[in-house]
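Heads up: the sequence lines are chains P and L, in that order. Numbering follows full-length UniProt numbering, in which position 267 of the first sequence is assigned residue number 267; successive positions increment by one, without gaps. Numbering follows full-length UniProt numbering, in which position 80 of the second sequence is assigned residue number 80; successive positions increment by one, without gaps. Using N, Cα and C, we set each Cβ at its ideal position, and we do this for glycine too. The structure displayed is predicted, hence computed values, not measured ones. Heads up, the thing below is written out as structure tokens.
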Amino acid sequence: MKLTTLADDARIAFDNLTDFAGGRSGGQVRLGVAGLARAGKTVFITALVHNLIHGGRLPLFEPWRSQRLIGADLEQQVHDDVPTFDYRAHVRELVGNRVWPQSTRQIAEMRLTIAYESATFFGRNLGSGRLHLDIVDYPGEWLLDLPLLAKDFATWSREAFARARDPRRADIAGPWLAHLATLDPSAAADEETVAEAARLFTGYLAACRQDAHALSLVPPGRFLMPGDLEGSPALTFAPLDVAPDARAPRGSLHALMERRYEAYKQVVVKPFFRTHFARLDRQVVLVDPLAALNAGPAAVADLALALEEILACFRPGRSSWLTSILTRRIDRILIAATKADHLHHTSHDRLERLMQRILAEPIARAEKAGAKVEVKAIAAVRATREAQVRRGGESLPCIVGVPQAGETIDGRLFDGNDDIALFPGDLPENHEVLIRRVEALVEEGRAVHAEARSPNEASLAGAGGPWAKGASSGRAAQADGDLSPDLRFLRFRPPRLETTAEGATLSLPHIRLDRAIDFLIGDKLA
Amino acid sequence: MTDPKDRPRRPAAFRLDDAEIVTGGADTASRGDGRGTRVILESDDDAAVPAAPLPRKKRFRWGRLFWGTLSALVAMAIGLSLDALIRDLFARNDWLGWAGLALVGLLTVSALAILGRELAGIFRLERIDQLRVDAAAAVATDDAKSARTVVEGLVALYRDRPETARGRADVAVHLGEIIDGRDLLVLAESDLLLPLDRTARRLVADAAKKVSVVTAVSPRAVIDLLFVAVAVMGLIRKLADLYGGRPGLIGFIGLMRHVIAHLAVTGGMAATDSLLHDVVGHGIAARLSSRLGEGVINGLLTARVGLAAIDVCRPMPFINAERPGVQDVMRGVFPEAERKT
């Protein structure tokens with residue numbers, strides 16, 4: 001996928017050069033934290049920074065283990081035009097009020113400076129012993145926009161339709177599709193019609209993200225998280241049913257939509273790509289696979305497709321010191337399945353294996369390009385403990401925690417103060433059947449894309465194509481019920497922090513966060 | 001999926017004040033209670049299978065039969081002669097007979113005690129061997145459950161060693177958390193075994209130094225031969241003690257055989273990495289004095305044996321820690337000589 005032009009590349013190189021010249025008082029790593037909505041980005045960053053600043057227990061983070069870590073401190077972030085990640089407010093909420101912080105809906109950045117003692121001779125004598133860690137937090141939905149750079153309006157419309165007509169999305173896409181049928185692309189443009197179409201389209205995208213569907217693949221991402229662009233023309237458009245090579249008559253609806261689509265790419269997607277995305281060194285992709293597993297194989301397949309698209313956006317590769325000045329390459333990607341504390345640890349390996357299986361292809365591609373990829377089940381903040389519960393003759397591996405107020409299970413409502421033990425269900429030990437089903441669905445999803453890209457074949461197949469597929473999917477959907485593991489998750493409150501005898505507050509507990517940090521920046525602290 | 005046993009159990013929620021909850025904490029969570037259904041972590045088909053140790057060929061061992069029958073005969077002879085002795089003593093005088101009987105009783109008791117100690121030593125060595133095999137398998141498969149078992153075994157092994165208290169406390173904290181198999185072993189290695197490794201390295205260097213010096217100044221070849229043998233055996237013994245083996249005599253002989261077998265395997269590998277160094281060092285030292293050259297050679301030999309003994313005695317393979325090489329050990333032996341050459 002070619003996303004950049006020569007001019008873009010030149011500007012990216014220039015930006016990198018200025019960064020390089022400006023940041024000489026120590027090493028610098030730009031860590032991108034991406035994840036689809038509700039995957040736990042804010043919590044991940046907050047916990048990472050909190051543990052580093054407060055000297056939390058990170059036994060698998062090598063500099064911590066060998067006590068080379070001297071300390072870490074927040075510093076002014078470098079970009080004046082990007083919001084600062086509001087770390088202190090999030091910590092107050094998380095630690096003080098024991099509620100999960102509000103999710104961020106826009107890009108944010110922060111800089112953490114880590115002081116350490118180098119383990120190498122040169123590092124000790126020549127290095128500054130400091131590492132600037134720039135953490136860039138952005139919604140994963142924005143990543144789904146990046147492929148748009150390579151697509152024109154007609155192609156994108158086609159893909160959007162192909163997805164919307166999918167029987168699994170049919171019920172939520174209904175109103176929009178119905179409205180669309182009344183539109184004539186070659187008719188004169190009318191602002192009201194456009195706004196209505198955009199509203200219905202946005203409603204459909206939002207419905208896709210609801211818990212019941214938990215679908216992930218919903219570009220354009222900025223429609224759901226408009227930020228300060230809300231209501232602007234660049235965000236007021238919708239796909240139209242147009243032929244791939246149709247000429248848009250001047251002043252027609254088609255022409256207007258096409259223009260706005262291009263504006264969206266220019267105003268929203270490109271700046272994001274150039275100023276933030278193309279300058280990352282390390283990347284964490286946070287995924288909440290539990291919600292998808294809960295919603296069934298269709299949601300898992302959709303998640304896999306979305307992640308595949310996301311991972312295809314990255315520019316992975318090994319970077320040398322020279323190339324790192326001009327073009328940055330992401331040389332390590334961590335795919336973190338978050339909220340691992342909602343499962344008993346006996347299921348963690350299975351979760352990791354499941355993720356590895358469904359993402360095998362994009363991972364292999366990134367590794368071929370020279371990047372290191374790791375898949376880990378983590379919990380940035382561990383909200384639960386583990387226990388065994390004996391019921392009847394069997395003992396169930398349970399997690400113990402305080403559910404948030406308003407959560408219900410089996411008709412019981414929780415007030416946010418009671419501890420309960422929850423057996424969340426077992427992940428299947430052998431998920432071959434589930435994986436095969438997911439793989440079939442992913443293939444199907446890819447076929448939809450391919451069909452949209454080669455419109456001639458699609459038109460040959462005619463209207464019968466999607467419906468025929470619909471019938472087979474309907475049958476398969478029945479089988480899906482048996483396949484999806486019977487899982488139940490509650491939202492637990494953040495843990496109460498213990499204080500030591502001296503009154504010092506201990507750091508946030510976590511699962512494998514140390515391992516994640518070691519993978520992401522451990523080598524930079526060597 | 002159709003087998004009811006395979007079907008996932010249904011999710012359920014329980015109140016904490018119910019008496020059903022038996023255990024808390026991650027370290028106890030993986031243990032079932034025998035009666036209930038246990039969650040047994042088994043790796044999938046696609047997961048790496050632990051490398052099974054090659055089955056040793058079961059052959060009839062004539063050597064064992066020979067030694068067994070011989071010792072049985074010797075025991076019978078001793079018994080017979082003792083019996084005759086006691087009878088003779090009784091024939092001569094009653095009190096003499098009773099005294100002899102008492103002595104025989106004491107002899108039996110002490111023999112039993114020695115036997116018990118030997119057996120305990122052999123079991124300890126076997127336990128360490130088993131720990132090492134299990135640890136290697138757990139590292140290969142990254143299996144959290146077996147790693148946990150290995151680490152618990154390791155902590156139990158060093159329970160009566162006060163100098164490991166700090167390491168054991170650290171490891172106990174790790175055991176309470178959710179950590180992957182290989183990572184847990186890496187942590188246990190760095191907390192428990194690294195201090196011991198440091199001591200072991202020093203022991204080997206000291207022995208090598210002593211052997212070199214004695215060889216260089218001793219007037220007779222027989223004396224160095226004897227001294228090397230004694231020093232090497234003492235070194236192996238000390239290393240075994242250090243890592244928790246504490247073998248008895250029979251266990252020690254077994255250990256010696258182990259070390260020599262290991263030396264035969266690794267000797268070839270070590271030769272490639274430091275042969276040049278050895279030859280050059282020996283050449284220069286020999287030119288200065290032939291006795292000094294012999295001293296260097298003997299010191300190197302001792303160091304090799306010591307390193308092989310570390311491999312055999314350590315209850316865990318080297319996972320993340322660096323395996324000491326001859327260079328590391330010999331560096332401390334001849335600081336002056338090194339400076340001269």
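Cβ distance (whole Å) where residue i is taken to contact residue j below 8 Å
i	j	result
P63(P)	L525(P)	5 Å
residue 561(P)	L224(P)	For chain P, the structure presents residues 1 to 526; residue 561(P) sits outside this window and is missing.
residue 544(P)	V300(P)	Given that chain P is displayed from residue 1 to residue 526, the structure contains no residue 544(P) and the question cannot be resolved.
A383(P)	R493(P)	7 Å
V389(P)	A421(P)	5 Å
D341(P)	A379(P)	4 Å
R282(P)	V29(P)	6 Å
L290(P)	K339(P)	6 Å
L239(L)	L203(L)	6 Å
P317(L)	L125(L)	Not really, about 16 Å apart at Cβ, beyond 8 Å.
Where residue i meets chain L, residues with beta-carbon distance less than 9 Å
i	result
P83(P)	Neighbours of P83(P) on chain L: none; closest Cβ ~34 Å, over 9 Å.
F423(P)	R9, R10, P11, A12, A13, F14
I420(P)	A13, F14, R15, L16
Continuous alpha helix (DSSP H) stretch holding residue i: start and end
i	result
R92(L)	62-92
Q327(L)	326-330
L242(L)	221-242
R274(P)	270-275
F44(P)	41-53
S212(L)	194-217
W64(P)	62-65
Q356(P)	348-358
Coil, strand or helix - residue i by DSSP
i	result
S110(L)	helix
L305(P)	helix
T113(P)	strand
residue 350(L)	What the structure shows of chain L is the stretch from 1 to 341, and residue 350(L) is not part of that stretch, so it cannot be assessed.
S290(L)	helix
V373(P)	strand
A471(P)	Reliability fails at A471(P), whose pLDDT of 36 lies under 50, so the model's placement of it is uncertain and no value is given.
H132(P)	strand
L94(P)	helix
Q388(P)	strand
V287(P)	strand
Y204(P)	helix
G32(P)	strand
A51(L)	Low per-residue confidence applies at A51(L): pLDDT is 46, beneath 50, and the placement is therefore not dependable, though the value from the model is reported in the following sentence. If DSSP states are grouped into helix, strand and coil, A51(L) belongs with coil.
L119(L)	helix
P495(P)	coil
residue 535(P)	Since the first and last residues shown for chain P are 1 and 526, residue 535(P) lies out of range.
A248(P)	coil
I435(P)	helix
L413(P)	strand
R158(P)	helix
Where the beta strand (DSSP E) containing residue i begins and where it ends
i	result
P397(P)	394-401
L71(P)	At residue 71(P) the sequence reads Gly, which differs from the Leu that was named. 69-75 is the extent of the beta strand (DSSP E) around G71(P).
A12(L)	12-15
A336(P)	332-337
I172(P)	Segment 167-181 is the alpha helix (DSSP H) holding I172(P); no beta strand (DSSP E) there.
L422(P)	420-423
Chain-ordered neighbours of residue i on chain L, where CB pairs are closer than 8 Å
i	result
R65(P)	L187, S190
9 Å Cβ cut-off: residues of chain P touching residue i
i	result
A260(L)	It should be pointed out that residue 260(L) corresponds to Ile in this sequence rather than to Ala. Residues of chain P passing the Cβ test: none, with the nearest at roughly 36 Å.
Residue i: contacting residues in chain L (beta-carbon distance under 7 Å)
i	result
D410(P)	A13
P59(P)	H174, L187
V43(P)	Within 7 Å Cβ-Cβ: nothing; V43(P) doesn't reach chain L, min ~17 Å.
R508(P)	Strictly speaking, residue 508(P) in this sequence is Leu, with Arg absent from that position. Residues of chain L passing the Cβ test: none, with the nearest at roughly 13 Å.
L69(P)	Under the 7 Å cutoff, chain L gives no residues; its nearest Cβ is about 15 Å from L69(P).
7 Å Cβ cut-off: residues of chain P touching residue i
i	result
D183(L)	L60, R515
Would the region 305-316 of chain L count as touching the region 241-257 of chain L if we require 3 or more Cβ pairs under 8 Å?
The region 305-316 of chain L makes contact with the region 241-257 of chain L: 3 or more CB pairs, one atom from each, lie closer than 8 Å.
Taking 8 Å as the cut-off, does the region 130-144 of chain P touch the region 251-265 of chain P (at least 3 CB pairs, one atom from each stretch)?
no
Count Cβ pairs between the region 202-212 of chain L and the region 176-184 of chain L that sit closer than 8 Å; are there 3 or more?
no
contact_flag[the region 304-312 of chain P, the region 139-158 of chain P] where n(CB pairs < 8 Å) is 3 or more:
yes
Is the region 192-204 of chain L touching the region 159-171 of chain L in the sense that three or more CB pairs, one from each, lie closer than 8 Å?
yes
Answer yes if the region 51-59 of chain P comes into contact with the region 33-41 of chain P, meaning at least three C-beta pairs across the two stretches below 8 Å, and no otherwise.
no
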